[in-house]
Amino acid sequence: MLLELFGLATPQPPRWVLENLPAGGGAELEQLIRQHAEAQLRDYQLWFEQRRLADLDHTQLTQCCEHVPSAGHVLRLIARPDHAIPKERIDHPGLNLVTTTGPDAGRLVPVTREPLSVGRQHAHYQINDPYLLDRDFSVHLTQHTTQLTTYSPLTQPAETSHERSVSSQWPAQETLSRGQTSFRLVSPHYPRLPELRAPAVLEIDPGPEPQPPNVVLQLVMAASPMIIGLVMMVVTGMWYFLLFSAISVIVAVVMISQYRAKRRKFIATITRLSTEQGQHRLNETYTPDQLRFALRSIAPDPLGLLRPHLATPTIRWGDGILAVKLVRSDADEKWAQHTQVHTAIAQHLAPGSTTVVRGLPEQLASVTHWLLAQCHHHAAATQQRVWVHTNSERDKELIDSVLPSTIIDTTGTLTRDDLDQKFARTPLVRIEQVDENCPRPPASQEVVFDVSDGSVSGLGQDISQINFFGISVTTLDLVTSRLLSQLPATRSHSPLLSLPSTFFTAHSAGDLRVEIDARDSADALDLVADGPHVLITGTTGSGKSELLLTVLAQLAMNYPADQLSMVLLDFKGGSSFAVLEDLPHVMAVETNLSAGLSLRSLGAIEAELHRREKLFAEYRVPDYSSFRQNVPHVVLPRLVVAIDELKMLIEDHRQAQDVLIRLASTGRSLGFHLVLATQRAQGTVTSDVRANLGSVLCLRTATEQDSWDLIGDASAYRISASQPGRGILRRGPADSEIFQTPIMRLPSEPVTLTPVSADRPVSTKTVATTKWPRVVSMITQAHEQAGLLCPDPIVLPSLPEHWNPSTQSTDPLTPTSGMILGLVDHPTERMQAPIWWNPKTTSSEATPQSGRKPWILTGSLAVIGASGSGAEKLLDRAVPAFFTQHHQGDPSPRIANKVALFDGRPHREESSVERAIHITESSQNRWSFHAECTGEELEEALATLREILQAGQQLTIIIRHFSAWASRIPGRGFESFEDRLMTLIRNFPNTLKILIHGGRELAAGRTVGLITDRIYLGFGSTEEHRMVWPRIRQAPHIPYRGVLVGRGWPVQGLEIQLAE
């Protein structure tokens, strides 16, 4: 946080970077400040608004830091002598007095029941206006009205008598003019600045102007019948001839009356349109008091810094009388008195233009201050700078720096010819002081404003009686300090958010609220009311990951794990969510570094959707809130699924799009919430997902098109790169809100105060972030100390890379016979359990499809894998398991009655078990064949096995290295070994069980199609080999890791870690 100290006799206010707030509150902070500025602060007290800093405890100081409305997060203190009366109070009760025009416009002070005197020297509220009295008037509140007391010039400041004063009521809507200043009473409602526009020439089209009748023709038409009537009356003596002549007079009168009516209507139209144009001009510029109001406003972007701005500033010089032009009339001077309107006198400083402001020194000071304030406001909005030319050494540095938006020459000597060619397009404003005893310089081709007589030339419009605005140097300092403070990037743009004193105080049945801005510029985000799903977007360096962590961490702080759970999918290699992995709320953190893990989580989430649908149907409730209300004994937390870099997920796993669409469409009623983060939404977030998005948190975008696509304007594109964490919140059709991602302040952190100056700049290369490991540790410890429950995770941990069944505890459901294959992961059933193979067990004795333990495979099994994948080790364990029991004299083998081994390994060495086995009846129903056997021996072996099967006896065949046997021709026939084996499988499906191992030949062969259960081991295999595999689940290519495919399992199979 940046700390600024005002009120000292220094060229610039001292500044420090404050790291953390002291536990002792304001008193301890004041001691730290005095250690750095002991000499300057002697006989001074430090104040924050109207409170002494030493009187603030830690909680009050924290609140002050969190709710300071400013351009950046800055704590501004004021040093005041003990006897000093604050010149301007910062707090604002029910009514404020503001100076709207004059040389000290933009001043603001609260009105209370105590009389507030206003004047120059001896008043409480001192205004820099030489035409005011020392004590010009006073104002105070009564029970029903606002009382105004004006003083006469004879009243002395020391007098207490009110004999020479006049008291009256001051209506709140009326403006009081005293001297050159206008005062107005306003309520403490501070709106945002209007959107600035380049002032166009005011023109109106009142329609065709009324044409006056021809006077000569009217006289002739009226006089001729009158004369004829008189003659006829004299000649004939009949008076009624005069009636005939009177008709022509009546016609002439009617025509003249119609013209006068049209003229009045035309004038009324001109007046109305001119007034509307003048009011429109007033609304598209701002005044000093409006700028001051905006500095106090807590509305989003009160200064309009994120709105579109022109490359050069628009200046409102003041108010005046402007003659509006008529579009159709060539005689503007005829209607000039009716087109004149009191409006804003504004000028767009066009590129390459020169503007001259002339006047007396005492007049130019306040006008120049107001000019600087507007130029600084434009510079802050467009990330540019203003060059104030003063003939100092600093000017040489500015000449070599980046181009400014405006050049303001306070010496009155700088011309276009004096400027370098690179400034040819930069507007120049020259301030010229004119002595009233000297003649004024002749007019030039430049735009010239004369403050002395309120005139302007060169604008191309008829303007007069300009009342120039001005502000004091104090108000200018306030404006520039808010707009152009050189804030260190370590804490400049991120407000501090205190951790709650007590965690887990909210209930997720009705809301999921998080604070995304500690400055009250945006309301809390509710994933239930403003959701159910949220999209976070922003280009690289915009603060997207920090915002995502802030949202998730606050959810964990506010809600216990039995009310809120999270599944985090990190497609930035694990860099985003790794710090949150230890939270009790987090069920899984999976990254794109391990293939298939994200789909595994999405599969588990989809299964949880189905489970909740069945659960809600069972209890007959329509949605999550009703379930929590009617079934409180069942633990069912809301589930937040956060995905960082959504685009990577969609590109790597196209099928994930369908899962996201289902989550987005049904998540609201089932208590699911998606928090999606991506750099660009176009091409990533489909229309189906967008239709269910409740809110968009849009940080700085890479292109203007991205900003329009997300929030409907270009505001996000115009966010400065120096403001990470600044973004636009769009809640459905509501208006956009600006927010600034906060930094979470941790307790008991060391307090440091580092001076900031030109000689000791603060590094701006690093951006401060929350200390997430410590935040996670605090949440975890609080959860454990509270003894809160954690629900069963919907996503189990991934399988271990090594699994030894001998180290596992004995399960009471462990089968008494069979060979253990490995550990199977069933994410949709939320189970990980050992799986066995026992060909002697019938399907009625064990059904893997039922989901009951133990899981036992009873049919034939194919193991497909390359050398080193673990397949050979599985066969190494299978041979002793099937041969040892009979060799040891077990009269009732529990795995298989009769076993035949076809070993295709070349140059193998027999084990002690195999050496005891012979192809004779003395082998006790065990046969072993080697790859070196002849075709006749192979024919004899197959014939023997066929006879056993025809006799209805159970037989198990183990085949190692299927490639060594597949193309062998037994005997003198033409059928291959694979053909004969397939015939046996087809003819004896109930009594023949096979355990077969091979590589590409087995995967691409015909035999594997007859075997229901298969294990595919990816380690050591190539992409070319895997092309003949079915479309199975992605699994890490590590030894002993594979995918089990079979009847009753998911289509893409289940991961299995073979036993070692």
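Heads up: the sequence shown runs through residues 65 to 1124, numbered per our numbering.
The C-beta atom is built at its ideal place from N, Cα and C for all residues, glycine as well.
From a predicted model like this one, the values you see are computed outputs, not experimental measurements.
Residue i versus residue j: straight-line alpha-carbon distance, rounded
{"i": "Val-820", "j": "Thr-454", "result": "25 Å"}
{"i": "Pro-179", "j": "Gln-849", "result": "58 Å"}
{"i": "Leu-852", "j": "Ala-625", "result": "7 Å"}
{"i": "Ala-930", "j": "Ala-706", "result": "37 Å"}
{"i": "Ala-22", "j": "Val-421", "result": "Here the chain comprises residues numbered 65 to 1124, so residue 22 is not present and cannot be evaluated."}
{"i": "Gly-595", "j": "His-737", "result": "8 Å"}
{"i": "Cys-439", "j": "Ile-535", "result": "14 Å"}
{"i": "Arg-115", "j": "Leu-161", "result": "21 Å"}
{"i": "Pro-701", "j": "Glu-645", "result": "18 Å"}
{"i": "Val-977", "j": "Leu-885", "result": "For Val-977, the pLDDT reaches just 42, beneath the cut-off of 50, and the residue's location in the model is therefore unreliable, leaving the point undetermined."}
{"i": "Pro-235", "j": "Ser-241", "result": "14 Å"}
{"i": "Leu-761", "j": "Leu-793", "result": "5 Å"}
{"i": "Arg-345", "j": "Glu-238", "result": "22 Å"}
{"i": "Thr-844", "j": "Gly-932", "result": "42 Å"}
{"i": "Pro-157", "j": "Leu-249", "result": "Any reading at Pro-157 must be qualified, since the residue scores a pLDDT of 48, below 50, and its modelled position is unreliable; the value itself is stated next. Those two C-alpha atoms are separated by around 12 Å."}
{"i": "Ser-870", "j": "Glu-1088", "result": "36 Å"}
{"i": "Glu-1001", "j": "Phe-1038", "result": "16 Å"}
{"i": "Gly-923", "j": "Ala-942", "result": "15 Å"}
{"i": "Gln-207", "j": "Pro-468", "result": "53 Å"}
{"i": "Arg-1090", "j": "Leu-727", "result": "32 Å"}
C-beta atoms of residue i and residue j nearer than 7 Å
{"i": "Leu-96", "j": "Ala-262", "result": "no"}
{"i": "Pro-788", "j": "Gly-934", "result": "no"}
{"i": "His-1101", "j": "Gly-1082", "result": "yes"}
{"i": "Phe-635", "j": "Glu-709", "result": "yes"}
{"i": "Gln-529", "j": "Gly-384", "result": "yes"}
{"i": "Leu-413", "j": "Thr-376", "result": "yes"}
{"i": "Thr-245", "j": "Gly-166", "result": "yes"}
{"i": "Thr-539", "j": "Gly-243", "result": "no"}
{"i": "Arg-1105", "j": "Gln-1121", "result": "yes"}
{"i": "Glu-627", "j": "Ser-572", "result": "Looking at the sequence shown, residue 627 is not Glu but Gln. Cβ atoms of Gln-627 and Ser-572: closer than 7 Å."}
{"i": "Arg-664", "j": "Pro-855", "result": "no"}
{"i": "Leu-673", "j": "Val-653", "result": "no"}
{"i": "Pro-276", "j": "Leu-337", "result": "no"}
{"i": "Thr-805", "j": "Thr-614", "result": "yes"}
{"i": "Leu-172", "j": "Arg-356", "result": "yes"}
{"i": "Met-808", "j": "Leu-563", "result": "yes"}
{"i": "Pro-944", "j": "Lys-1057", "result": "no"}
8 Å CB neighbourhood of residue i in its chain, flanking five on each side removed
{"i": "Val-9", "result": "Nothing can be reported for residue 9, as the shown portion of the chain is limited to 65 through 1124."}
{"i": "Arg-1024", "result": "Glu-936, Leu-939, Leu-965, Phe-966, Asp-967, Gly-968, Arg-969 and His-1061"}
{"i": "Val-511", "result": "Gln-411, Ser-417, Thr-418, Thr-419, Val-420, Val-520, Ser-521, Gly-522 and Leu-523"}
{"i": "Ile-331", "result": "Trp-399 and His-402"}
{"i": "Ile-409", "result": "Arg-380, Trp-381, Gly-382, Asp-383, Gly-384, Leu-386, Val-520, Ile-527 and Ile-530"}
Neighbourhood of residue i by C-beta distance below 6 Å, restricted to the same chain and skipping five residues each side
{"i": "Leu-589", "result": "Val-578 and Ile-580"}
{"i": "Gln-104", "result": "Leu-72"}
{"i": "Leu-492", "result": "Thr-418 and Ile-471"}
{"i": "Ile-142", "result": "Phe-70, Gly-71 and Trp-111"}
{"i": "Thr-432", "result": "Ile-495"}
{"i": "Ala-570", "result": "Asn-622 and Tyr-623"}
{"i": "Ser-1031", "result": "Ser-1040"}
{"i": "Ser-759", "result": "Asp-594, Val-598 and Arg-795"}
{"i": "Ser-629", "result": "His-649, Met-651, Pro-701 and Leu-703"}
{"i": "Thr-1020", "result": "Pro-903, Ala-960, Val-963 and Lys-1057"}
Beta-carbon proximity list for residue i, same chain, < 7 Å, skipping 5 on both sides
{"i": "Leu-117", "result": "Gly-90, Leu-93, Glu-94, Leu-110, Trp-111 and Leu-141"}
{"i": "Leu-591", "result": "Leu-576, Val-598 and His-737"}
{"i": "Ser-841", "result": "none"}
Residue(s) in a DSSP beta bridge with residue i
{"i": "Lys-1057", "result": "Thr-1020"}
{"i": "His-453", "result": "Asp-473"}
{"i": "Phe-513", "result": "Val-421 and Val-520"}
{"i": "Asp-967", "result": "His-994 and Arg-1024"}
Let me know the alpha helix (DSSP H) ranges lying completely inside the segment 246–317, each 4 residues or longer, listed in chain order. Along the length of the segment 246–317, whole alpha helix (DSSP H) runs at least 4 residues long occupy 279–300, reported in chain order.
What residue ranges within the segment 624–655 form continuous beta strand (DSSP E) runs of no fewer than 3 residues, ordered along the chain? The qualifying runs are 628–634 and 650–655.
Let me know the beta strand (DSSP E) ranges lying completely inside the segment 682–752, each 3 residues or longer, listed in chain order. Counting only runs of 3 or more, we get 702–708 and 736–742.
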